[in-house]
Each structure stands twice: as C-alpha cells, then as structure tokens.
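Read through the structure below, which is laid out as structure tokens, and then see the notes.
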C-alpha cells in the first residue's frame with residue numbers, strides 16, 4: 002500500500018495478511034541524549050511586600066475606620082502624599098472589590114524605590130497591609146524531560162496540538178488506553194504507565210515468539226527478509242512500532258529524561274496483534290472486543306478495560322462486516338476507537354479500518370500544518386493531527402520511545418518516525434485527557450467535541466482532512482465538568498422525514514438562560530431511519546447560524562440515536578433553536594422522534 006519512496010514500511014495486502022503498520026520511515030540518525038536547558042522555575046509569590054521586592058503596582062488595604070478606605074479622593078491624596086515623601090511616582094488607579102486601593106508606581110521602578118514606597122505605607126497607622134500586585138502565570142510548567150524541546154508536535158504554535166494548555170485541567174489520570182499494535186518492548190520512560198495487556202496473535206508464523214495467544218504482549222521484533230512478506234517486498238528491520246505509539250500517548254513526564262506523553266497520567270494496555278508481515282483481521286477483532294471489556298472465548302476477562310483504543314494499523318479494501326461489528330461493540334461499551342487514516346496518499350475510503358463507521362479516523366499533518374505528503378484523505382477523515390514529515394529534516398518527525406535492536410530487543414532509545422500511525426496516538430491521547438476531565442462523555446460526544454473545537458489547518462490540504470487540526474487545550478476546556486447535568490429542553494413531537502425531499506425542522510424554545518450557550522452544548526437526537534447514511538442533520542441557532550451535526554455518507558446502518566457536542570459559545574442561549582433534517586437519497590424514509598438540548 003505504501004508507494005511513496007520515503008516510507009519505510011509497506012502495508013501488506015497479501016492474501017494471508019489483512020493489516021500492517023501505518024508508519025512512514027523512521028529517521029536513521031539516533032537521537033542525541035544531551036540535556037536540554039531547564040526553564041527557570043516560577044517562584045512562589047510572596048504573601049506580603051518585603052524589602053527588595055520588584056513590583057510596578059501595589060495593593061493598599063486601609064483599616065476600616067480610615068477615610069481612605071471609603072473615599073477614592075482621599076486614597077488619591079494619600080498616594081500624592083506618599084509620593085512627595087519618597088520622591089517616587091505614585092498614582093491611585095482604582096478601588097478593588099474588597100475596598101483596597103490599587104496604586105501604580107513610576108515606569109520601571111527599582112527595588113530600592115519600591116522598598117521606600119512600601120515602607121511609607123507600612124509606617125502609616127491607617128494602613129492595614131500593602132502587598133505587590135503580582136503578575137500570575139498559568140500553572141502549567143514546561144516538562145523537564147530532556148527531549149521535550151524536540152516535541153514540536155505538542156507545543157509549537159504553528160502546527161502543534163496545543164497540549165500543554167490542557168495539562169492545567171487534566172493529565173489523563175484514571176483512563177486506560179489500549180494500544181492494539183506490535184506489543185511493547187521494555188522502556189524505562191514508559192514502564193511506569195504500562196498495565197496488563199494480551200498477545201492475541203494466534204499464528205506462530207506471525208507471532209515469532211514461539212507460541213500463540215498468551216498474556217504476555219512483549220514485542221519480540223517484527224523484522225523480515227526480502228520477499229518473506231510478499232514477492233518484491235524488501236527486507237525490514239524491527240519497527241518497535243507499538244512502543245513508539247505508546248510513548249506519544251503516555252510516556253512518563255517530568256521525570257527528567259526522554260520525552261513527554263500527551264496523557265502522561267493515563268495507563269497503556271499493550272495488546273499485540275501485529276507481528277511478522279502484519280496481523281490478521283480475526284486477531285484484531287478479538288483484541289478490539291477484549292480491550293473494550295467484551296468477552297473472548299479462551300481469553301481471561303480483561304482487568305484493565307480501556308475507554309480508548311488506538312489502532313495505528315490498516316489494510317486495503319472496504320470495512321468488513323466482521324470488523325464493523327467489533328467496533329460497534331466497543332463503542333456501545335463506551336470505548337472510543339481511534340484509527341490511522343493510512344499512508345498511501347489516497348482516499349481513505351480504500352483503507353480499512355479507517356473507513357469503518359463509529360471510529361475517529363485521523364489524517365497526518367506536517368510541521369507546517371499541511372497534510373503530510375503520504376497521508377490519506379477524504380470525506381471519511383474526521384480530524385488531523387501531527388504525524389511528521391522527515392523529507393527535509395529528521396527533526397520534523399515525531400519523536401518517541403523506541404529500541405535500538407534491528408531484529409530482537411536491544412537497548413532502549415528514542416527516534417523520529419513519520420506517519421498516520423504517529424498522528425493517531427495524538428488524538429488517542431487527547432481522548433484520554435477528555436475522559437479524565439469528564440468521565441460521563443460518550444464516544445459520540447468525544448468525537449463531536451474534538452471536531453467542534455479543532456482549528457483550521459495552518460497549511461493546505463487537498464482531498465479533505467476532516468474538521469481541522471485537533472486542539473487539545475480548547476477541546477478539554479470545552480468538555481471539562483459534567484456536561485450531562487445541566488438544564489435540558491426537549492421536543493417529543495414526531496416529524497416525518499420525506500424520502501429524498503425537502504428538509505424538515507423541529508423547534509425547541511429555550512428560555513430562562515442568561516448569556517450565551519455553552520462551548521459544549523449537548524444535542525441529543527432520536528431518529529428512526531432505514532438508511533441513516535442518507536441523512537444530513539444540522540442544528541440551527543436562534544439567529545439562523547447552522548452547525549453541521551452529520552453529513553451524508555455511505556452508512557447503511559439503521560437509525561440515529563446519539564448525542565452531539567457543539568461549541569455554541571458565540572450564540573445567545575435564549576430563543577428558538579431548530580433541528581433540521583434532510584434525506585438526500587431515494588428509497589428510504591424515516592421519522593424524527595424527538596430531540597433535546599442540554600445546557
């Protein structure tokens with residue numbers, strides 16, 4: 002499948018293999034282990050003004066009986082008096098809500114001049130306290146991981162995913178992410194976040210670990226010789242692909258070494274399905290089922306049920322009914338399934354499982370924010386995330402945990418990879434942050450919120466890159482706190498949806514709200530329809546603005562019974578909201594049974 006010359010691995014599409022790694026070539030240059038300079042720590046602000054403090058403004062609290070405590074004119078006069086005594090510029094600015102006075106000092110006052118002013122106020126028997134008007138900063142601190150400065154994909158303003166801004170709210174604690182991949186090779190920068198997984202490879206020719214399925218998901222290496230995986234396919238060294246993916250999601254952070262994980266408070270359950278030459282659908286289907294808490298015959302119950310599944314893998318062709326059934330089961334159990342769009346520079350409709358329903362399909366962007374040259378595209382892509390592109394520079398790839406062994410495991414290291422395989426764990430990590438911030442979120446709500454809070458690609462995309470570039474901070478902020486406990490307005494009036502006809506609308510009158518609608522407005526929809534792929538669904542705000550909830554697609558399943566999340570923060574809450582539904586193709590009809598808005 003991978004036809005671009007810069008891609009390292011080929012996705013195997015031989016009769017015996019149905020899935021393979023969605024990773025483009027790793028850089029051949031090892032990552033240097035020099036320590037990056039640590040940023041200066043932000044000191045804890047002092048609670049009282051002290052000699053030698055640097056400040057440009059002071060907050061002066063007067064005793065309750067002082068005239069200055071109630072009169073702005075008196076407070077201003079007192080500031081002028083203090084200025085005359087110290088020879089410094091002191092100007093009364095305003096009264097704070099507590100009654101204290103805010104005074105501003107001259108431009109760039111020295112420590113000595115500040116100390117003089119403070120001393121004058123403290124000597125005044127009418128003054129209860131004088132403290133600096135401190136400049137506060139976000140509490141998120143740049144991680145001290147030595148390679149963090151090379152992780153442009155997390156923090157760069159151009160095309161990074163704005164991850165540090167989410168860490169003030171959550172780090173992913175309490176969430177397990179299943180990485181359905183090549184397994185896990187021991188790495189000290191990841192070990193603390195690894196929990197039990199499983200090896201689902203049943204064919205020993207693929208597993209190359211000497212046995213079939215077992216509880217040990219260790220990655221023995223997936224190297225192969227020339228033509229071993231199909232005629233004309235050249236030899237490849239071991240990829241340690243699952244370990245690289247896992248590091249992007251949840252590498253240990255603030256541990257003074259290596260890289261930072263996006264959801265570094267989360268846990269990784271390695272689930273092995275890919276070995277030599279790839280992996281079978283049957284093993285992947287069982288892995289999806291087990292990872293999400295379902296039952297697989299002959300396999301012990303999963304004690305580390307994942308609410309997020311990462312699948313940086315794929316093969317050609319349509320989504321099979323068997324795979325779709327497994328995905329639907331996982332989603333129905335409350336697990337989000339995040340899948341790589343593929344690396345063939347083609348329409349994702351030809352790549353499975355990225356073209357399945359109920360998945361979050363992820364395309365890859367480069368450091369400039371354009372679609373990476375290898376990335377698949379199309380209307381089935383849901384979102385884009387950094388996947389890297391190393392054609393011009395190794396450092397433009399995605400750096401993560403790896404192993405130096407060419408065949409079997411050797412020493413741990415770090416390396417740059419590129420691919421939709423690398424973009425996918427960025428989104429899986431974001432989903433973990435979201436679930437940690439708001440455990441009530443459903444997979445449908447998560448997908449909707451990621452799309453609603455994406456930002457426009459800073460670069461270009463031909464063919465379709467989904468809703469844009471995922472934005473971690475904005476998305477987490479939109480969903481934090483229980484969104485399902487607010488006030489609900491609903492309509493239970495059934496409206497027939499004509500076959501291939503004009504759009505119908507159902508109104509809901511919202512009253513008694515103040516200000517604008519929330520950034521995570523919940524829109525619950527209940528539609529009976531015999532071919533939901535025909536349907537286009539929009540939310541219409543009181544001012545007529547529309548928000549696309551669902552587009553038409555080749556989805557033959559019945560009914561729409563889900564909740565969408567809409568960033569409606571620019572809309573006035575009160576007024577008449579409408580749900581607009583249109584059937585865009587012939588031969589199927591349906592009914593809007595009802596819908597609701599939860600503020």
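In this note's numbering, the protein residues as written are 2 to 600. Glycine included, each C-beta is placed from N, C-alpha and C at the ideal position. If you're wondering where the values come from, they're calculated on a predicted model, not measured in any experiment.
{"Item": "Distance between residue 101 and residue 381 (C-alpha atoms, nearest Å)", "Value": "58 Å"}
{"Item": "Nearest-angstrom Cα separation, counted from residue 562 out to residue 551", "Value": "12 Å"}
{"Item": "Distance between residue 489 and residue 602 (C-alpha atoms, nearest Å)", "Value": "Limits of the chain in this structure are 2 at one end and 600 at the other, which puts residue 602 out of reach."}
{"Item": "Residues that residue 105 bridges to, as DSSP identifies them", "Value": "58 and 92"}
{"Item": "8 Å contact criterion, which residue 338 and residue 306 should meet: CB distance rounded", "Value": "Between residue 306 and residue 338 the Cβ distance is about 14 Å, and since that is not below 8 Å, they are no contact."}
{"Item": "Integer Cβ distance of residue 301 from residue 180, believed to fall under 8 Å", "Value": "Contact flag wrong, Cβ pair sits at about 19 Å."}
{"Item": "Host alpha helix (DSSP H) of residue 329 (start-end)", "Value": "322-333"}
{"Item": "Proximity of residue 536 and residue 528 at Cβ, strictly below 8 Å", "Value": "yes"}
{"Item": "CB of residue 469 within 8 Å of CB of residue 385, strictly", "Value": "yes"}
{"Item": "Among 56, 190, 248 and 192, the one whose alpha carbon lies nearest that of residue 425", "Value": "248"}
{"Item": "Short Cβ contact (8 Å threshold) for residue 159 with residue 388", "Value": "no"}
{"Item": "Which of helix, strand or coil DSSP assigns to residue 162", "Value": "coil"}
{"Item": "Burial state of residue 51, where buried means 16 or more other Cβ atoms lie within 10 Å", "Value": "With a pLDDT of 41 at residue 51, under the threshold of 50, the predicted position of this residue should be treated as unreliable, and no value is reported."}
{"Item": "Coil, strand or helix - residue 534 by DSSP", "Value": "helix"}
{"Item": "Per-residue DSSP class, three states only, for residue 127", "Value": "coil"}
{"Item": "Reference residue 226, options 239, 417, 215 and 153, closest by Cα", "Value": "239"}
{"Item": "Exposed unless 16 or more other CB atoms sit within 10 angstroms - verdict on residue 608", "Value": "Past the boundaries of the shown model lies residue 608; the chain is included only from 2 to 600, so the question cannot be answered."}
{"Item": "Paired residues, beta bridge with residue 496 - DSSP", "Value": "593"}
{"Item": "Three-state class that DSSP yields for residue 467 in the structure shown", "Value": "coil"}
{"Item": "Rounded C-alpha distance that separates residue 494 from residue 578", "Value": "14 Å"}
{"Item": "Residue 509, DSSP secondary structure in three states", "Value": "strand"}
{"Item": "Three-state class that DSSP yields for residue 133 in the structure shown", "Value": "strand"}
{"Item": "Beta bridge counterpart(s) of residue 367 as assigned by DSSP", "Value": "Note: residue 367 sits in no beta bridge, so no partner."}
{"Item": "Test item: CB-CB of residue 417 and residue 400 under 8 Å", "Value": "yes"}
{"Item": "Beta-bridge pairing of residue 435 - partner residues as DSSP gives them", "Value": "DSSP output for residue 435 lists no bridge partner at all."}
{"Item": "Spatial neighbours of residue 496 in its chain, beta-carbon cut-off 6 Å, leaving aside the 5 residues before and after", "Value": "505, 507 and 593"}
{"Item": "Test item: CB-CB of residue 351 and residue 375 under 8 Å", "Value": "no"}
{"Item": "Stretch-stretch touch, CB-based, cutoff 8 Å, three pairs: the stretch 254-262 with the stretch 142-152", "Value": "yes"}
{"Item": "Residue 75 to residue 57 span [Cα, whole Å]", "Value": "21 Å"}
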